[in-house]
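In short: position in the sequence shown from 1, add 7, done, that's our numbering.
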Amino acid sequence: MSIALTAVAGMLFAVNATVTRLVLDRTGIRTDVAAAATVMTATTVALVVAMIGGDGLSDLSWENSQGFLVIGAIVPGVAQLTFYAAIRVAGPSRSAIMLGTVPMWSVVLATIFLNEHWSASVVVGTILAVMGSVILATESATKESVSRLGLALAALTALQFAIRDVLSRSVTQESTLDSSAAAAVTLGAGAVVLVGVAVGTAGPQRFSKNLCRSMPAMLIPGVAVGLAMPALLAAFEQSRVGIVSPLLGATQTVGAVLLSGLLIGGTERDKRVVLAVIVTLAGGTLIGVTR
Numbered sequence: 008m009s010i011a012l013t014a015v016a017g018m019l020f021a022v023n024a025t026v027t028r029l030v031l032d033r034t035g036i037r038t039d040v041a042a043a044a045t046v047m048t049a050t051t052v053a054l055v056v057a058m059i060g061g062d063g064l065s066d067l068s069w070e071n072s073q074g075f076l077v078i079g080a081i082v083p084g085v086a087q088l089t090f091y092a093a094i095r096v097a098g099p100s101r102s103a104i105m106l107g108t109v110p111m112w113s114v115v116l117a118t119i120f121l122n123e124h125w126s127a128s129v130v131v132g133t134i135l136a137v138m139g140s141v142i143l144a145t146e147s148a149t150k151e152s153v154s155r156l157g158l159a160l161a162a163l164t165a166l167q168f169a170i171r172d173v174l175s176r177s178v179t180q181e182s183t184l185d186s187s188a189a190a191a192v193t194l195g196a197g198a199v200v201l202v203g204v205a206v207g208t209a210g211p212q213r214f215s216k217n218l219c220r221s222m223p224a225m226l227i228p229g230v231a232v233g234l235a236m237p238a239l240l241a242a243f244e245q246s247r248v249g250i251v252s253p254l255l256g257a258t259q260t261v262g263a264v265l266l267s268g269l270l271i272g273g274t275e276r277d278k279r280v281v282l283a284v285i286v287t288l289a290g291g292t293l294i295g296v297t298r
């Protein structure tokens, strides 16, 4: 069941990345406001999912929620800003493939803090996942659509996602909060961070004006994230970081590349990108099936 939940979450996150690139390119809305709008919508969706679940909010308390508040402040809080900036600069395919380093960071952090064990397959799989990102990082700088800065932002996002994965596994094992309610708390904390940043950088008036444009434009990404987060937390309730994180990264990478090639085309599907996704997918799959 955890594999299915992880695959669903990965595909939904891929939808978020691809549609976000299209919206940012076509509307010119501010990245910070777009991120805030996405997570505000996602919070609403997660709340609806929790309420439909019946008793999803019955265990809501400070003790059960504080860990998810910390997770939300990091991801999607700060991470959503760096991820959207990376998408705008480097594109969704390259940003998603750079997230292929998440399994490496996740396995290292899980080994240190959660006492999960290394194995030969984990070592080989993480090396393959990182190689996919290196292939992109060494891409020809002559392409105007590719930016080293964008790849660096995506790499920073990957580290934040790895921290999210390890914290999610730890917190879900200790909290009795339902995964849908936990997702609502996590996304709500992220929304507070993102709104605060957007208001601080854009000013109240510009924020309000941009938010009115961003809310309808970012509806699809918001719904995707709002559905993905409960699925991801449910997966972490059932399986270890060493299983969920690599499969999530592989699914998100493949989904983003396929959707980007279909909807965007151009440099989103050149030979180097295809090679990178194959290597990344191989690494994530190896870790997942042998754990």
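Idealized CB from N, CA, C, for every residue including glycine. Owing to the predicted nature of the structure, the values given are computational and were not obtained by experimental measurement.
By the neighbour-count criterion, in which a residue is buried when 16 or more other Cβ atoms sit within 10 angstroms of its Cβ, Ser-221 is buried. Contact between Val-200 and Ala-80 holds: their C-beta atoms lie close to 5 Å from each other, under 8 Å. Under a 10 Å Cβ-count criterion, Ser-65 is classified as exposed, with fewer than 16 other Cβ atoms of the shown protein chains found around its own Cβ.
Going by beta carbons, Ala-198 and Val-46 fall inside the 7 Å limit. Take the alpha-carbon of Ala-169 and the one of Phe-75: they are about 15 Å apart. Nearest in C-alpha terms to Leu-240, of all of Val-206, Ala-191 and Val-114, is Ala-191.
The straight-line gap separating the alpha-carbon atoms of Leu-121 and Arg-171 is approximately 13 Å.
Residue nearest to Val-56 within the set Val-248, Ser-187 and Ile-227 is Ser-187 (criterion: CA-CA distance).
Looking only at Thr-108, Val-26 and Ser-182, the smallest Cα-Cα distance to Leu-135 is reached by Thr-108.
For the set Ala-235, Ala-165 and Val-286, the Cα lying nearest the Cα of Thr-51 is the one of Ala-235.
Ser-267 counts as buried, since no fewer than 16 other beta carbons sit within 10 angstroms of its beta carbon.
Distance from the CA atom of Thr-38 to the CA atom of Phe-90, rounded to whole angstroms, is 10 Å. When only Cα atoms are considered, Leu-270 and Ser-68 end up about 43 Å apart. One alpha carbon belongs to Thr-133, the other to Gly-60, and they sit about 37 Å apart. In the DSSP annotation of this structure, the continuous segment of the alpha helix (DSSP H) that includes Gly-203 starts and ends at 186-209.
Gly-98 counts as buried, since at least 16 other C-beta atoms from the protein chains shown sit within 10 angstroms of its C-beta.
Following the DSSP letters along the chain, one finds Thr-108 in no alpha helix (DSSP H), marked with neither H nor E.
In the DSSP annotation of this structure, the continuous segment of the alpha helix (DSSP H) that includes Leu-255 starts and ends at 248-270.
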